[in-house]
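Student: The following block contains the structure, expressed as structure tokens.
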Amino acid sequence: HGLLETTPEHGAARAAALGVPRAYASLDELLADDRVEVVHVTSPNHLHFEHASAVLAAGRHVICEKPLAMTSAQSAELVRMATAAGPSRVAVVNFNIRFYPLNQHLRAAINAGELGDVRLISGHYFQDWLLYDTDWNWRLEPEQGGGLRAVGDIGSHWLDLTSFVTGRQVTEVMADLATFIPVRHKPAGRVETFSLERAKDTIPVDIRSEDAATILLRYDNGARGVLAVSQLSAGRKNSLQYQIDGAEAAVAWDSEQPDALWVGHRGRPNETLMRDFALLNDAGRAAEFLPGGHVEGFFDTFAAHFRAVRIVEQREVAHQSLVRPAAVPHPEGVGLLR
Numbered sequence: 001h002g003l004l005e006t007t008p009e010h011g012a013a014r015a016a017a018l019g020v021p022r023a024y025a026s027l028d029e030l031l032a033d034d035r036v037e038v039v040h041v042t043s044p045n046h047l048h049f050e051h052a053s054a055v056l057a058a059g060r061h062v063i064c065e066k067p068l069a070m071t072s073a074q075s076a077e078l079v080r081m082a083t084a085a086g087p088s089r090v091a092v093v094n095f096n097i098r099f100y101p102l103n104q105h106l107r108a109a110i111n112a113g114e115l116g117d118v119r120l121i122s123g124h125y126f127q128d129w130l131l132y133d134t135d136w137n138w139r140l141e142p143e144q145g146g147g148l149r150a151v152g153d154i155g156s157h158w159l160d161l162t163s164f165v166t167g168r169q170v171t172e173v174m175a176d177l178a179t180f181i182p183v184r185h186k187p188a189g190r191v192e193t194f195s196l197e198r199a200k201d202t203i204p205v206d207i208r209s210e211d212a213a214t215i216l217l218r219y220d221n222g223a224r225g226v227l228a229v230s231q232l233s234a235g236r237k238n239s240l241q242y243q244i245d246g247a248e249a250a251v252a253w254d255s256e257q258p259d260a261l262w263v264g265h266r267g268r269p270n271e272t273l274m275r276d277f278a279l280l281n282d283a284g285r286a287a288e289f290l291p292g293g294h295v296e297g298f299f300d301t302f303a304a305h306f307r308a309v310r311i312v313e314q315r316e317v318a319h320q321s322l323v324r325p326a327a328v329p330h331p332e333g334v335g336l337l338r
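Per the numbering used here, the sequence shown runs over residues 1 to 338.
Written as structure tokens, this is what we have:
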């Protein structure tokens, strides 16, 4: 395994820091290495299409961070390339939050009818890392991050996750996008993302992407949804929450307490299902790494997705019930981009 950075010098330093045996000088050099089987594209958004298409053209499997591309036309071209490569080619989007075990468990439970017909899907995704007008990151620049920021960066995770667990697809959208900080003060020098440091030397920059959004949704079965997204919510570091109301029961999940699933009832006490191998269904158990009481975190969801990709690649039929719906194929990334 190896890595590719912005410059050969940065690559060598990062490889040494991480204990990675190889640092490639260019994407061409990486793809010329016959030992490379799978490439994970983690470059800034505006480079995703260029890099993912090169990986597919070279006959390699690809895991791409969202968004797939800057336009729906580019992302559709990636889907065309992946489809043309045949079913043996793995091409997925890294919507890792699907891979918390309770989300896998819930998808199977809803599919089995345990909630009844899904009627209402509500929730939020809140962060606070852009609260100050001196907070800065390349995602604030549409040329690199794209025209949608809060919705594209974090709202896309909520939309993907809730469609995944319910099996329902969004058909209509009405969104109100808000830019509360129209001018930001970009640090003249280097600044760490998520830092509390406020630079003294800054450059004023007009902001053209949204800080927050409120979105009304309609789904293919007639269900309704409402989503609030914000990168300005003080104290909320990475709070994704959803509630799903069905005809028979309701459920709620919070990414900051990922081992607990609230289950609501009308005529009997409500419940909290804790992640426990003995209590989850087959889909939930298959996604677990650790016994109950040993908290699984954000990094574990990446490992679970990569494990799913590896299983698909090796075509281990015994695991297809977990992997096929779990590894996020390119067409679903296109739907969210549109």
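We put the CB at the ideal spot given by N, CA and C, even for glycine. On a predicted model such as this, the values are computed, not experimentally measured, just so you know.
Could you tell me the boundaries of the beta strand (DSSP E) in which Leu115 lies?
Tutor: Note, Leu115: premise wrong, no beta strand (DSSP E); not H, not E.
Student: When you compare only the Cα positions, how much space is there between Arg307 and Trp136?
Tutor: Looking at the two C-alpha atoms, the distance is approximately 34 Å.
Student: How would you call Gly267, buried or exposed, if buried means at least 16 neighbouring beta carbons within 10 angstroms?
Tutor: Looking at its Cβ environment, which holds fewer than 16 other Cβ atoms inside 10 Å, Gly267 is exposed.
Student: Check Asp276 in the structure and name its three-state DSSP category.
Tutor: Coil, per DSSP.
Student: Taking contact to mean at least 3 C-beta pairs separated by less than 8 Å, is the segment 103-120 in contact with the segment 223-234?
Tutor: Cβ pair count under 8 Å is three or more, so yes.
Student: Can you tell me which of Met274, His40, Met81 puts its alpha carbon nearest to the alpha carbon of His1?
Tutor: The shortest C-alpha separation from His1 is found at His40.
Student: How far does the alpha helix (DSSP H) with Pro8 in it extend, from its first residue to its last?
Tutor: That run of the alpha helix (DSSP H) goes 8-18.
Student: If you follow the alpha helix (DSSP H) that Gly284 is in, where does it begin and where does it stop?
Tutor: Its alpha helix (DSSP H) spans residues 282-287.
Student: Using the Cβ count rule (16 or more neighbours within 10 Å means buried), how would you classify Ala283?
Tutor: Under this definition Ala283 is a buried residue.
Student: In angstroms, rounded to a whole number, what distance separates the CA positions of Val38 and Thr193?
Tutor: Spanning the two alpha carbons is a distance of roughly 28 Å.
Student: Taking C-beta to C-beta, are Pro101 and Ala287 nearer than 8 Å?
Tutor: Going by C-beta atoms, Pro101 is nearer than 8 Å to Ala287.
Student: Taking only runs that begin and end inside the segment 41-112, name each unbroken alpha helix (DSSP H) of 4 or more residues, in chain order.
Tutor: Runs of the alpha helix (DSSP H) inside the segment 41-112: 48-57, 72-84, 101-111.
Student: Keeping to the same chain, check which residues put their C-beta closer than 7 Å to that of Lys186; ignore five residues upstream and five downstream.
Tutor: Excluding sequence neighbours, Lys186 sits near Trp136, Thr202, Ile203, Val205.
Student: Output the boundary residues of the beta strand (DSSP E) element that contains Asp254.
Tutor: Looking at the DSSP string, the run of the beta strand (DSSP E) that includes Asp254 is 250-254.
Student: Between Leu161 and Arg236, how many whole angstroms is the CB-CB distance? I'm expecting something under 8 Å.
Tutor: Between Arg236 and Leu161 the Cβ distance is about 17 Å, and since that is not below 8 Å, they are no contact.
Student: Distance, Cα to Cα, Pro291 vs Phe277?
Tutor: C-alpha separation (whole angstroms): 7 Å.
Student: With DSSP as the reference, label Thr166 as helix, strand or coil.
Tutor: Correct three-state label for Thr166: helix.
Student: If I measure Cβ to Cβ from Leu130 and keep anything under 7 Å in the same chain, skipping five residues before and after, which residues do I get?
Tutor: For Leu130, where only same-chain residues beyond five positions count, the Cβ hits under 7 Å are Asp211, Gln231, Leu232.
Student: Report back the beta-carbon spacing between Ile215 and Val173 to the nearest angstrom; my notes put them in contact at under 8 Å.
Tutor: That belief holds up - the Cβ atoms of Ile215 and Val173 are roughly 6 Å apart, short of 8 Å.
Student: If Leu3 sits next to Ala15, beta carbons under 8 Å apart, how far is it from one beta carbon to the other, in whole angstroms?
Tutor: The Cβ separation is near 6 Å, so the contact holds.
Student: Is the segment 58-69 in contact with the segment 87-98, if contact means three or more CB pairs nearer than 8 Å?
Tutor: Yes, they touch.
Student: Out of curiosity, what's the CA-to-CA distance linking Pro8 and Leu27?
Tutor: Looking at the two C-alpha atoms, the distance is approximately 11 Å.
Student: Tell me whether the beta-carbon of Thr171 lies closer than 8 Å to the beta-carbon of Tyr219.
Tutor: The answer is yes: Cβ separation under 8 Å.
Student: Would you mind working out which of Gly189, Trp158, His51 sits nearest Gln169, comparing C-alpha positions?
Tutor: Measuring from the Cα of Gln169, the nearest candidate turns out to be Trp158.
Student: Name the two residues that bound the continuous beta strand (DSSP E) containing Asp133.
Tutor: Segment: none, Asp133 is in no beta strand (DSSP E) and carries neither H nor E.
Student: Using three-state DSSP, classify Gly292 as helix, strand or coil.
Tutor: Gly292: coil per DSSP, three-state reduction.
Student: Please classify Ser88 as buried or exposed, where buried requires at least 16 neighbouring CB atoms within 10 angstroms.
Tutor: That one is exposed.
Student: Taking only the alpha-carbon atoms, compute the straight-line gap between Ala318 and Ala82 and give it to the nearest angstrom.
Tutor: Confidence in Ala318 is poor, its pLDDT being 32 and thus under 50, which makes the residue's placement too unreliable to answer from.
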